[in-house]
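Everything below concerns the one structure shown next.
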Amino acid sequence: MVNIDIVLSSLIAQAPLVAVAILILYYTLDRKIDKVKIELKGHIDKLEKAVDGLSNRVEKLEASVAELRDRVEKVESSMSELKGRVDSIAARLNALRRDVRTLAKGFYTYQTTLIDFLSAKGVVNEPEAVLLRGSLKTAVPYVQSKYYTEEVRRRLIALLDKEIKDYTWDDVAELERIAEAIYNEYIETGREDLLDYYPKLMTYIAVVRGLIRRREMEKKTQGGAVV
Numbered sequence: 525m526v527n528i529d530i531v532l533s534s535l536i537a538q539a540p541l542v543a544v545a546i547l548i549l550y551y552t553l554d555r556k557i558d559k560v561k562i563e564l565k566g567h568i569d570k571l572e573k574a575v576d577g578l579s580n581r582v583e584k585l586e587a588s589v590a591e592l593r594d595r596v597e598k599v600e601s602s603m604s605e606l607k608g609r610v611d612s613i614a615a616r617l618n619a620l621r622r623d624v625r626t627l628a629k630g631f632y633t634y635q636t637t638l639i640d641f642l643s644a645k646g647v648v649n650e651p652e653a654v655l656l657r658g659s660l661k662t663a664v665p666y667v668q669s670k671y672y673t674e675e676v677r678r679r680l681i682a683l684l685d686k687e688i689k690d691y692t693w694d695d696v697a698e699l700e701r702i703a704e705a706i707y708n709e710y711i712e713t714g715r716e717d718l719l720d721y722y723p724k725l726m727t728y729i730a731v732v733r734g735l736i737r738r739r740e741m742e743k744k745t746q747g748g749a750v751v
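Numbering (the numbering used here), first residue to last: 525 to 751.
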């Protein structure tokens with residue numbers, strides 16, 4: 525390794541001016557190097573502080589993300605619980621809807637049975653049936669595609685065009701099938717006009733059924749009287 529002091533002593537002995545210049549340059553560079561070191565150390569310190577600050581921010585961000593994840597999980601849990609409650613309510617509503625439909629069916633059955641009986645006993649006569657038939661003909665619902673089709677509608681109109689005295693049990697059965705199709709269409713679509721039309725048609729069917737029974741009873745009575 526070169527000894528700088530020996531080199532400088534040799535230079536001073538041989539060339540004093542050159543030695544002085546080199547000495548000045550050496551110390552100048554040494555001070556600049558020290559200054560650069562100090563500045564570099566300051567930059568490194570600032571960089572370390574910046575890295576520490578960035579690390580803290582990253583830690584806070586990670587904590588925020590973790591907190592957000594927890595909140596999202598809680599929201600998802602709440603949504604799942606809410607969905608379960610909604611599904612439960614929907615199931616109860618469907619059950620209630622079925623109960624209401626069953627009750628309505630029972631009421632219609634009772635009503636039509638009563639009207640059938642009254643018609644057979646002569647309490648409800650043909651003029652009332654004609655009046656109800658006219659009301660039904662003017663309010664025939666427009667068609668839908670699934671249950672209450674155009675073909676069903678045409679058959680309904682054709683049956684309503686028949687004279688009361690010409691109805692048969694086959695006609696009654698077909699009217700009942702049409703009424704069932706109208707009711708099923710209401711269940712499928714929720715159309716209020718179908719719900720309004722259905723009990724009227726069922727009432728008319730009950731009247732016709734009772735009139736047919738009375739007609740058959742009268743024939744039997746007349747046949748027995750002739751014998």
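Every residue gets a Cβ at the ideal spot worked out from N, C-alpha and C, and that includes glycine.
Buried versus exposed call for residue i [16 or more other C-beta atoms within 10 Å across all chains shown]
i    : result
L571 : exposed
I721 : Strictly speaking, residue 721 in this sequence is Tyr, with Ile absent from that position. The residue is buried, with at least 16 neighbouring Cβ atoms inside 10 Å.
V596 : exposed
I681 : exposed
G566 : exposed
M726 : buried
R657 : buried
A703 : buried
I729 : buried
L699 : buried
L718 : buried
V731 : buried
Separation of residue j from residue i, as counted between CA atoms
i    : j    : result
K744 : D611 : 59 angstroms
L735 : I688 : 8 angstroms
V755 : R593 : This structure leaves residue 755 out entirely; the chain is present only between 525 and 751.
A614 : P651 : 47 angstroms
K556 : I548 : 12 angstroms
D690 : L684 : 11 angstroms
E605 : A590 : 22 angstroms
S588 : G608 : 30 angstroms
R733 : Y707 : 20 angstroms
K573 : M603 : 44 angstroms
V751 : R739 : With a pLDDT of 49 at V751, under the threshold of 50, the modelled position of this residue cannot be trusted, and the question is left open.
S601 : T662 : 56 angstroms
E716 : K724 : 13 angstroms
V582 : D554 : 41 angstroms
R616 : S579 : 55 angstroms
R701 : S659 : 20 angstroms
G577 : K598 : 31 angstroms
L564 : K584 : 30 angstroms
T692 : M741 : 14 angstroms
K686 : E675 : 17 angstroms
V575 : I562 : 20 angstroms
Where the alpha helix (DSSP H) through residue i begins and ends
i    : result
Y691 : Looking at the DSSP string, Y691 is not in any alpha helix (DSSP H), and its letter there is neither H nor E.
A653 : 650–662
V667 : Segment: none, V667 is in no alpha helix (DSSP H) and carries neither H nor E.
R678 : 674–684
Nearest-angstrom Cβ-Cβ length linking residue i and residue j, presumed shorter than 8 angstroms
i    : j    : result
V664 : R677 : 7 angstroms
Problem set entry | Cβ contact (3+ pairs, closer than 8 angstroms) linking the stretch 665–677 and the stretch 696–713 | Yes: at least three Cβ pairs fall under 8 angstroms.
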